[in-house]
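There are 2 protein chains.
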Amino acid sequence: MSEHNARSRRRGEELINAIHTAVLEEVAEVGVARLTMEGIGKRAATPRTTLYRRWSDPIEVLLDALYHMHPVEEPTPGADDLRGDLVRALRLMVDWALTPAGRAVASILTDPKGSPRVHEALFERVFANRGGTFTSTVLRHYAERGHFPAELLTPVVADIGEALVTKRLIDTGAPPSDADLKAIVDQAILPAVGLRPA
Amino acid sequence: MSEHNARSRRRGEELINAIHTAVLEEVAEVGVARLTMEGIGKRAATPRTTLYRRWSDPIEVLLDALYHMHPVEEPTPGADDLRGDLVRALRLMVDWALTPAGRAVASILTDPKGSPRVHEALFERVFANRGGTFTSTVLRHYAERGHFPAELLTPVVADIGEALVTKRLIDTGAPPSDADLKAIVDQAILPAVGLRPA
DNA sequence: ACGGTAAGCTACAGCCGTGTATCTGAGCAA
DNA sequence: TTGCTCAGATACACGGCTGTAGCTTACCGT
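Pasting the structure below:
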C-alpha cells in the first residue's frame, strides 16, 4: 500500500519507447560489452521481468531499439555551394554521432566481440536506409551537375570526410568545430575531387 | 605426488612477460570492458593470487603491459619514392593494427568508459615515442626535400591516410589490401599535397 | 461492471568475477 | 645445505547479473 506509485503504470508503446531510449543511453554510456538487463531495467525504471517477457538478452533489446529509432537525417544539397554543403553534411554527421543512437552505433561497430548478426542488423537499419554516407550524397549531387569529373568520386574519396571526422572524435573525444570541418573539406575532400580552393 | 607440473615453475621476468602477452591477447579478444583478472590468469596459466600480488585490477595489468611492449616500428622513407613510401607506411600501420597490441590499443581508444588515465598512458607510451603518425613521418621527409609545398602538410592532411585505413578496418573488419592502400594514397593523400598522380 | 492482459513487485537458485587468506613447494642465493 | 622468496594451488564470503516463477493489480476493451 502507500501510494508508492506517483506515476501511473505504463503500457505498450509508451513503455517500449522508454525502454528503447534506455538501452540507447545505457549502451552509449557503458558500451555494448557492459550492457545488462539489470542496467536497462534500472534506467527505464521497469523490472527485469518485463524485459524478459519481450526480449531474450540485452543485445536483442538494443537491436530492437535500433530498428525503431528515427532514421538519420540526410544532407540536402543546395544549389551551388559544394563547400558549404560538404561542411553542413559533416556537421550533420557530427551531430548524429553525439546522439545516444550515434554513440550506440559507435560502440557496436568497435566492439571486438561484436557478432556478425549485430553488425549486419546495424548496417541494414542505420545505413541502408540512407543514400550513402553523409558527404557522398552531396558529392554525387555536384558530380552529376558537372562541378567535377564523376570518375573522381571513388569509394575512397567518398569516405574521406567521414574518416577524418571519426578519427578526430576518437582521438580527442571532443566534437570538431566548424573550423575543423572546413579544414577537412578544404584540405582533404576538395583536393581529392580536383578542386583546390582559392 | 604425481608430476602435475610438466613445465617448471616460472619466475620474475619470464612470468611477467607471459602475463603481459596474456593481457594484450585478452583485451584484443574481448575488449577492455570485459577484461578480468580471471581471464588474464587463465590465459597466462597463473592463479589470480599471483596477479593480485602485483596489480590491483585488470587495467593496471594492461597499462603495465603497454608500458613494456615494443615500440611501434617507424617508417623509414627511402630516396625518391613518395608514393611507395606512403603505401609502405600504411602497410606498417595495418600490420601493427592487427597485432594484439594494436587491437588492444583500438579497444582502449574506443571504450566509452575509458578513463582519462588510461587514455593518457596510451598516448605517452604508444604514440609519444614516435615521430608522429605513420604517414606524416614520410610526408615530412618529402616536404623538407621540396617535393611539395610544406605548408600543405597540415594536421588534417597528416591524418588522411590513417583515418581512411582506420575507417576501413572498422567498416569491413578485414585488413585493406595493397590495392586499397594504393587507392588511398593516390586518391586522397597525394591530391591533398598537390600531387595528382599521372 | 467485468475480465483478460500485461506491468509491477518479490523471491530465489545459479554462475561468475572479486578480493583475501592460507598453505605448499620450487627456485635461487649465501 | 639451508633458508628466503615467491609461484602455485585451494578455499571462501561477497556482490552483481541471470533467468524463471509466482503473485498482485492497474489498465483497457467489451
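Protein sequence lines correspond, in order, to chains A and B. Take numbering that gives the first Met the number 0: the final residue in the first sequence is number 197, and no numbers are missing along the way. Take numbering that gives the first Met the number 0: the final residue in the second sequence is number 197, and no numbers are missing along the way. Ideal Cβ placement from N, Cα and C applies to all residues, glycine included. A quick note: this is a predicted structure, and the numbers were derived from the prediction, not measured.
Among the options, which residue has its Cα nearest to the Cα of residue i?
i         : options                                     : result
Gly11(A)  : Ala182(A), Ala173(A), Arg42(A) and Arg52(A) : Arg52(A)
Leu125(A) : Leu108(A), Ile39(A) and Arg195(A)           : First, the amino acid is wrong: residue 125(A) is Val here, not Leu. Of the candidates Leu108(A), Ile39(A) and Arg195(A), the one whose C-alpha sits nearest the C-alpha of Val125(A) is Leu108(A).
Phe147(B) : Met68(B), Gly38(B) and Asp79(B)             : Asp79(B)
Pro175(B) : Gly145(B), Arg87(B), His19(B) and Arg144(B) : Arg87(B)
His67(B)  : Tyr141(B), Gln186(B), Trp54(B) and His19(B) : His19(B)
Rounded to the nearest angstrom, how far is the Cβ of residue i from that of residue j, given a contact under 8 Å?
i         : j         : result
Ile188(B) : Ile159(B) : 5 Å
Pro70(B)  : Ser106(A) : The pair is not a contact, with the Cβ atoms about 29 Å apart (cut-off 8 Å).
Leu85(A)  : Thr134(A) : 6 Å
Ala191(A) : Val164(A) : That pair is no contact at about 15 Å.
Ala17(B)  : Arg9(B)   : 6 Å
Arg139(A) : Leu152(A) : 7 Å
Suppose you measure from the CA of residue i to the CA of residue j; what does that come to, to the nearest Å?
i         : j         : result
Pro115(B) : Val104(A) : 22 Å
Arg47(B)  : Val184(A) : 51 Å
Ile58(A)  : His118(A) : 11 Å
Glu28(B)  : Gly193(A) : 42 Å
Asp179(A) : Pro154(B) : 10 Å
Ala32(B)  : Leu61(B)  : 12 Å
Ala96(B)  : Thr132(A) : 25 Å
Glu161(A) : Leu89(A)  : 7 Å
Gly38(A)  : Gly113(B) : 18 Å
Val26(A)  : Val93(A)  : 18 Å
Ala173(B) : Lys166(B) : 11 Å
Ala21(A)  : Gly101(A) : 14 Å
Ala120(B) : Val137(B) : 26 Å
Arg195(B) : Lys181(A) : 22 Å
Gly77(B)  : Ala149(B) : 18 Å
Thr75(B)  : Asp177(B) : 18 Å
Glu123(B) : Ala44(A)  : 42 Å
Ile15(A)  : Leu81(A)  : 41 Å
Gln186(A) : Trp54(A)  : 47 Å
Gly40(A)  : Thr98(A)  : 21 Å
Gly83(A)  : Glu143(A) : 17 Å
Tyr141(A) : Tyr141(B) : 33 Å
Leu34(A)  : Leu34(B)  : 14 Å
Thr171(A) : Thr171(B) : 24 Å
Could you check whether residue j and residue i sit closer than 9 Å to each other, using their CB atoms as the reference points?
i         : j        : result
Glu72(A)  : Leu91(A) : yes
Arg42(A)  : Glu24(A) : yes
Asp200(B) : Met36(B) : Residue 200(B) lies beyond the residue range present for chain B, which begins at 0 and ends at 197; the question has no answer from this structure.
Gly30(A)  : Gly30(B) : yes
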